[in-house]
Amino acid sequence: MRHTALVLLVSPLLLASCGGGTTSSSTTNPSPAPAATITITSSGVSPKSVTVKPGSQVQFVNNDSRSHQINSDPHPEHTDCPELNAVGFLSPGTSRQTGNLNTVRTCRYHDHDLPTNQSFQGAIVIQ
């Protein structure tokens, strides 16, 4: 009888501790897939111009053996399209995406260290 009473007393506690648990998981919002990719080599940027839809991002890939710093025009203020400045400094073999390009316009960019070299200048058309 004592054993039955103990089972009846403990059973609800055991059942309560086993059920209804929630699991927590942290979720990160990955960057959206880029709408276009611009590759940097020793010859310059390619393609020189890309067209994307509003809200898109563009990826820059540095396949050159030297570093590059991609920034919005004009040099040295870099104020026309601040979203491009998210690319910034790219070591050889690295890539980075722009911020979301939400405004319909043409964003021109350049390599900050080679601002007059047309091979390292280009445009992103948002339309």
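When the letters of the sequence shown are read in order and numbered with the numbering used here, they come out as residues 281 to 407. We put the beta carbon where it would ideally sit given N, CA and C, even for glycine.
L381 in three-state terms, based on DSSP: strand
Could you name each continuous beta strand (DSSP E) segment of 3 residues or more that falls completely within the region 318 to 363, going from the start of the chain to the end? 324 to 326, 329 to 332, 338 to 342, 348 to 352
Cβ-heavy atom distance between N342 and the ligand HEM below 8 Å? Ligands are entirely absent from the displayed structure, and the ligand HEM is therefore not among its contents.
Straight-line CA distance for K328 to H348? 16 Å
Alpha carbon of P395 to alpha carbon of L364, nearest angstrom: 15 Å
Cβ pair count under 8 Å reaching 3, the region 380 to 393 against the region 343 to 361: yes
By Cβ distance below 7 Å, which residues in the same chain neighbour R385 in space, the five residues on each side in sequence not counted? I406
Who are the Cβ neighbours of F340 in its own chain at under 7 Å, not counting the five residues just before and after it? I318, I320, I350, V367, L370, S375, R376
Whole-angstrom distance between V330 and G402, CA atom to CA atom: 9 Å
Give me the Cα-Cα distance between S322 and G373, rounded to the nearest whole angstrom. 12 Å
In terms of DSSP beta bridges, what is G402 paired with? Y389
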